[in-house]
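Here the structure is laid out as structure tokens; the discussion comes afterwards.
In structure tokens:
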């Protein structure tokens, strides 16, 4: 079946540090890939997405590239801010409802 | 813009009690979903409705029932609550095109349920 594996957290970084959160997937067919973010006390909201191989999704300084050869969709940001502290979820959709990874909690300290 | 609205936001139940979580969306979306979020488990799909008049089981449907009342509303019912159902529940919706569209899910703010 379809599944998503993302790095376990929590991840703690200093402000302006480089962020990578790894995500790999298993899917039949050609999935669309997503990163969602959940700020404290809120629901999830879409951060970025990519719908086909080699697509790069980007938003708010975050980027992720759909790599079919490595079945990966790693999230990166060059310089994190305190306001980026949240839980990040990788997800895929392949002819089924969205399947989520377990989430990675990011804490950014000033 | 209201988006996806869930009620109640908080609820405490005793084992064996029943309750219904309500969800409504104002975006004219076809598909609606109920997820539960537990520490270390991410989000797991309970039930979904690809379109008005249809419902399907997700990954963890046991102990729950759903009703797609109309295009706007999708409710989740716990007939006899158990402590294992203590969780945060999220309702979500997505746009036209059914399950295979690549559109995003829009989430409500969540309902925190505690079963004693």
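Residue numbers (the numbering used here), protein chains in the order written: chain F, -11 to 98; chain Z, 5 to 120. Glycine is no exception: its CB is placed at the ideal position from the N, C-alpha and C atoms.
{"query": "Do residue 20/F and residue 80/F count as a contact pair if the criterion is CB distance below 9 Å?", "result": "yes"}
{"query": "Can you give me the start and stop residues for the beta strand (DSSP E) that residue 78/Z sits inside?", "result": "78 to 82"}
{"query": "How long is the line joining the alpha carbons of residue 104/Z and residue 84/Z, rounded to whole angstroms?", "result": "Because residue 104/Z sits at a pLDDT of 49, beneath the cut-off of 50, its placement in the model cannot be relied upon, and the point is left open."}
{"query": "Where does residue 29/F land, buried or exposed, given buried means 16+ other C-beta within 10 angstroms?", "result": "exposed"}
{"query": "Can you pull the chain F neighbours of residue 37/Z, defined as C-beta to C-beta under 7 Å?", "result": "85"}
{"query": "Under three-state DSSP, which class holds residue 14/Z?", "result": "strand"}
{"query": "What did DSSP end up calling residue 89/Z once you bin it into helix, strand or coil?", "result": "helix"}
{"query": "Which term fits residue 31/Z, buried or exposed, when burial requires 16 or more other beta carbons within 10 angstroms of its beta carbon?", "result": "exposed"}
{"query": "What are the residues in the segment 39 to 51 of chain F lying within 8 Å of chain Z by C-beta distance?", "result": "39"}
{"query": "Terminal residues of the continuous beta strand (DSSP E) containing residue 72/Z?", "result": "68 to 72"}
{"query": "Return no unless some Cβ of chain F is closer than 9 Å to the Cβ of residue 77/Z.", "result": "no"}
{"query": "Can you list the beta strand (DSSP E) stretches of 3 or more residues lying completely in the segment 4 to 85 of chain F, in chain order?", "result": "7 to 9, 11 to 14, 20 to 26, 32 to 38, 44 to 47, 50 to 53, 63 to 65 and 74 to 81"}
{"query": "So who's on the other strand from residue 31/Z, going by DSSP bridges?", "result": "DSSP lists no partner for residue 31/Z."}
{"query": "Using a Cβ-Cβ cutoff of less than 8 Å, which residues in the same chain neighbour residue 82/F once the five nearest sequence positions on both sides are dropped?", "result": "-10, 15, 16, 17, 18, 19 and 20"}
{"query": "What separation, rounded to the nearest whole angstrom, lies between the Cα atoms of residue 87/Z and residue 118/Z?", "result": "7 Å"}
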